[in-house]
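S.K.: Got a structure here, written out as structure tokens. Questions coming.
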Amino acid sequence: MKGSAIRTEQGFRAAPRRAQVYLLVAGASALTLPFLAPVVASNPEGPPAWLTVSVLVSVSALNVEISRALTGGLERSQQPHKALSAWAFACAMLLAPPWLLVVVPITYVHARWRGLRVPLWKWVGSAAFLVLAGLAAALVAHIALGHQPNWMAANGAQGLVTLVTAAAVFLAVETALFAGAALLNDTEDELWLRRTLTSRTFYMTESGVLLTGGLLAAVWTGGAWFVLLLVPIYALIQRAVLLEPLRERAALAAQLAATNRQLEEVSQFKTDLMGMLAHEVGNPLTSVRGYAELGAATLTSQTLDQGRNAFEVIKRNAQQIQGVLHDIVGLVDTDPAALTASPEGCLVAPHLRAAASAQPPEGQPMVSCPDDLVAYVQPGHLDQVLANLLSNAHKYAGGATCLEARALDADRVAISVSDAGPGIPQDFQEQLFQRSARHPGTATTVAGTGIGLFISRALARANGGDLTHHGVQPTGSSFELTLPRRRPTG
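Counting in full-length UniProt numbering, the sequence shown runs from 1 upward without gaps.
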């Protein structure tokens, strides 16, 4: 308790001088003005004042417990603070103004004891504001009713008008006092209060709270024991009042979660893009560099045919890089899983031979393909997939052994890239085409990003085909690229 007092005192002293003076004046006014205000005559046939105070405090305690049940503890929500104004308003309509100095402090102390966390000096200032707002409502009742003890007499019309008018005055004074504190204190320290006072939800909620307190006062005046029937109705009203802000909070949480998911997708996209740059551009660049050196060496030795072939390989790989860069531009505007393609009829055999000849001379696979076999595919995509598969075979299996294409049926072409390596572990095959998937056994020994097969399958599917894996007995792997034989319809 002593430590809390020290922290509270320091908090108040840290506030601007103008805010300190404002709160001190409000506190002094709240302690003195209720004793100077005119008093509405009490109903001699009604319950005694002490019983009225006990009922108001009991209903306030019930409200706090309902709030705790709905919000999971008051420290998670400031909403029960609003309900405290209901009991100050009811007290102003039922009792002499000095009783405000009993009801308001008791309800505030109970709410704070049950977990509502607000700096103590602000808490005391808030209580003073409610006392002053209640005093204003009591003055409205005095002006409208004079010394009439039962303001719900006859048809209750005068009492209803008085109650609504007093509630409006209470809300206006309360808002003005809290706005003064928010403006005079540091902006950073009053962000929540400033945001609350500019929210339409606050005024709707506070109006409902005040009218609830007014309804309790009306029932207590007209027939005290009917308050027992009001309790379950009030519980439902309070539930609705509290759940509206909770629904808003849930909606904001859902919006934040959606934003976080979008950020994660953007982060993953960046990773995919960097992996694609390293994989899809790095492979042909390596080939370009190697064959440029070979071309320079052959030209020096005047073997023009070999030099011409080397520069043809350089040309093809440069075209492949250009296609990859085109795809990267497309990826920036879309999603990796939403690649598009412009298929056209092209002979498969030249692409297979070009892909095989781009491999190191000692690791070039055997090519088997009918010369007239046609597939509908974007040529650059076909070259890119073949380069990826052959690059993987070179890194993980010492190179591909066979590059074969055949007609599966009247509608499909199958292109297989096979090797005689160790094969792919059974437990990893389901993850093979996932983005950034790498087997732990090779991830630390073989350079790569794990994105090549993911991109290759995306390219195959963008062209109306697919890419699958099949094991080869006794060892090795075979990747099968299927493509349409006919122009896609629709």
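Every residue, glycine too, gets a C-beta built ideally from N, C-alpha and C.
Short of 8 Å in beta carbon distance, which residues of its chain neighbour G421, apart from the five on each side in sequence? Order them along the chain.
M.R.: Taking the first residue of the sequence shown as position 1, residue 421 is located at position 421. These residues qualify, in order along the chain: A393, Y396, A397, G398, T475, G476, S477.
S.K.: Quick check on the DSSP output: the beta strand (DSSP E) that includes V103 runs from which residue to which?
M.R.: Working through the sequence shown from its first residue, we reach residue 103 at position 103. First-last for V103: 100–113, but that is the alpha helix (DSSP H), not the beta strand (DSSP E).
S.K.: Drop a sphere of 10 angstroms on the beta-carbon of L263, count the other beta-carbons inside from all chains shown, and report buried for 16 or more, exposed for fewer.
M.R.: Along the sequence shown, read from residue 1 onward, the residue named residue 263 stands at position 263. So L263 ends up on the exposed side.
S.K.: DSSP on F433, reduced to helix/strand/coil?
M.R.: Here the question's residue 433 lines up with position 433 in the sequence shown. Coil at F433, not helix or strand.
S.K.: What do you get for P80, buried or exposed, if any count of 16 or more other CB atoms within 10 angstroms of its CB means buried?
M.R.: Along the sequence shown, one-based indexing puts residue 80 at 80. Any reading at P80 must be qualified, since the residue scores a pLDDT of 44, below 50, and its modelled position is unreliable; the value itself is stated next. P80 is buried by the Cβ-count criterion.
S.K.: For the beta strand (DSSP E) that R412 lies in, which residues bound it at each end?
M.R.: Walking along the sequence shown from the start, residue 412 turns up at place 412. Start and end: 412–419.
S.K.: Which class does G476 belong to by DSSP, given the choice of helix, strand or coil?
M.R.: In the sequence shown, residue 476 corresponds to position 476, counting from 1. Coil.
S.K.: Give the single residue among S85, E65, E312, G380 whose Cα lies nearest to the Cα of N463.
M.R.: As a working note, residue 463 is residue 463 in the sequence shown. Out of S85, E65, E312, G380, G380 has the C-alpha closest to the C-alpha of N463.
S.K.: At which residues does the alpha helix (DSSP H) containing E344 begin and terminate?
M.R.: Looking up residue 344 in the sequence shown gives position 344. Run containing E344: none in the alpha helix (DSSP H); it sits in the beta strand (DSSP E), 344–347.
S.K.: When the Cα atoms are used, what is the spatial distance from L191 to I66?
M.R.: Numbered from its first residue, the sequence shown carries residue 191 at position 191. Numbered from its first residue, the sequence shown carries residue 66 at position 66. Answer to the nearest angstrom: the Cα atoms are 27 Å apart.
S.K.: Reducing DSSP to helix, strand and coil, say where R487 ends up.
M.R.: Sequence index remark: in the sequence shown, residue 487 carries index 487 (1-based). Coil, per DSSP.
S.K.: How is L56 classed by DSSP in three states: helix, strand or coil?
M.R.: On the sequence shown, residue 56 is found 56 positions in, with the first residue counted as 1. Looking at L56 - three-state DSSP - the assignment turns out to be helix.
S.K.: Exposed or buried, what is V124 when buried is set at 16 or more other beta-carbons lying within 10 Å of its beta-carbon?
M.R.: The sequence position of residue 124 within the sequence shown is 124, counting from 1. Buried, since its Cβ has 16 or more Cβ neighbours within 10 Å.
S.K.: Quick one: using the 10 Å Cβ neighbour count with 16 as the cut-off for buried, is D411 buried or exposed?
M.R.: Taking the sequence shown and counting its residues from 1, the one referred to as residue 411 is at position 411. Flag for D411 reads exposed.
S.K.: Kindly indicate which residue of A157, V209, R435 has the alpha-carbon position closest to the one of F170.
M.R.: Residue numbering aside, residue 170 sits at position 170 when the sequence shown is read from its first letter. Nearest C-alpha to F170: V209.
S.K.: Starting from A400 and walking both ways along the beta strand (DSSP E), at which residues does that stretch end?
M.R.: Mapped onto the sequence shown, residue 400 falls at position 400. First-last of the beta strand (DSSP E) with A400: 400–407.
S.K.: Does the distance from the C-beta atom of A253 to that of L135 stay below 9 Å?
M.R.: Within the sequence shown, the letter at position 253 stands for residue 253. Within the sequence shown, the letter at position 135 stands for residue 135. No, they are not a contact pair.
S.K.: Buried or exposed, going by whether 16 or more other CB atoms sit within 10 Å of the CB of A172?
M.R.: On the sequence shown, residue 172 is found 172 positions in, with the first residue counted as 1. Its Cβ having fewer than 16 others within 10 Å, A172 is exposed.
S.K.: Cα-Cα, which of N260, Q20, A61, Q384 is closest to V103?
M.R.: As a position in the sequence shown, residue 103 is number 103, starting the count at 1. That would be A61, whose Cα lies nearest to the Cα of V103.
S.K.: Can you grab the Cα-Cα spacing for the pair L56 / T201, in whole Å?
M.R.: Looking up residue 56 in the sequence shown gives position 56. Looking up residue 201 in the sequence shown gives position 201. Approximately 25 Å between the Cα atoms of the pair.
S.K.: Give me the Cβ distance between A407 and R485, rounded to the nearest whole Å; I'm assuming they're in contact under 8 Å.
M.R.: Position 407 of the sequence shown, counted from the first residue, corresponds to residue 407. Position 485 of the sequence shown, counted from the first residue, corresponds to residue 485. That belief holds up - the Cβ atoms of A407 and R485 are roughly 7 Å apart, short of 8 Å.
S.K.: Taking 9 Å as the cut-off, decide whether the C-beta atoms of F129 and L197 are in contact.
M.R.: One-based indexing of the sequence shown puts residue 129 at position 129. One-based indexing of the sequence shown puts residue 197 at position 197. The answer is no: Cβ separation not under 9 Å.
S.K.: If you drop the 5 nearest sequence neighbours on each side, which residues of the same chain put their C-beta closer than 8 Å to that of V140?
M.R.: Taking the sequence shown and counting its residues from 1, one reaches residue 140 at position 140. Once the five neighbours on either side are set aside, the close Cβ partners of V140 are T162, T165, A166, V169.
S.K.: Quick check: the Cα distance between Q429 and V472, rounded to an integer number of angstroms?
M.R.: By one-based count along the sequence shown, residue 429 stands at place 429. By one-based count along the sequence shown, residue 472 stands at place 472. About 13 Å.
S.K.: Are the CB atoms of L84 and T107 nearer to each other than 9 Å?
M.R.: As a working mapping, residue 84 is identified with position 84 in the sequence shown. As a working mapping, residue 107 is identified with position 107 in the sequence shown. Result yes, Cβ atoms of L84 and T107 sit closer than 9 Å.
S.K.: Indicate the three-state DSSP secondary structure (helix, strand or coil) for A375 in the structure shown.
M.R.: As a first step, residue 375 must be located in the sequence shown, where it is residue number 375. A375 falls in the strand class under three-state DSSP.
S.K.: Report, in whole angstroms, the separation of the C-beta atoms of F479 and L389, which I expect to be a contact under 8 Å.
M.R.: For the purposes of this step, residue 479 is taken as the residue at position 479 of the sequence shown. For the purposes of this step, residue 389 is taken as the residue at position 389 of the sequence shown. About 5 Å; that satisfies the 8 Å criterion.
S.K.: Within 10 angstroms of the Cβ of F454, are there 16 or more other Cβ atoms? Answer buried if so, exposed if not.
M.R.: Residue 454 sits at position 454 when you count from the first residue of the sequence shown. The residue is buried, with at least 16 neighbouring Cβ atoms inside 10 Å.
S.K.: Kindly identify the DSSP beta-bridge partner or partners of T201.
M.R.: Position 201 of the sequence shown, counted from the start, is the residue given in the question as residue 201. In DSSP, T201 forms no bridge with anything.
S.K.: Taking just the CA atoms, how far does S199 sit from P98?
M.R.: Counted from its first residue, the sequence shown places residue 98 at position 98. Counted from its first residue, the sequence shown places residue 199 at position 199. When rounded, the distance between both Cα atoms is 32 Å.
S.K.: Could you give the C-beta distance for A355 and L403, rounded to a whole number, given that I count them as a contact under 8 Å?
M.R.: Within the sequence shown, numbered from 1, the residue matching residue 355 stands at position 355. Within the sequence shown, numbered from 1, the residue matching residue 403 stands at position 403. Indeed they touch by this definition, with Cβ atoms about 7 Å apart.
S.K.: Count the other C-beta atoms from every protein chain shown that fall within 10 angstroms of the C-beta of F89, then say buried if there are 16 or more, exposed otherwise.
M.R.: The count along the sequence shown starts at 1 and reaches residue 89 at position 89. Classification of F89: buried, given that the 10 Å Cβ count is 16 or more.
S.K.: Please determine, among A400, G345, E344, Y203, the residue with the shortest C-alpha to C-alpha distance to E362.
M.R.: Counting from 1 along the sequence shown, the entry for residue 362 is found at position 362. Nearest of A400, G345, E344, Y203 to E362, Cα basis: A400.
S.K.: Secondary structure at L183, three-state DSSP: helix, strand or coil?
M.R.: As a working mapping, residue 183 is identified with position 183 in the sequence shown. Residue state, collapsed to three classes: helix.
S.K.: What are the boundary residues of the alpha helix (DSSP H) that T32 is part of?
M.R.: To locate residue 32, count along the sequence shown from 1; it is residue 32. First-last of the alpha helix (DSSP H) with T32: 17–36.
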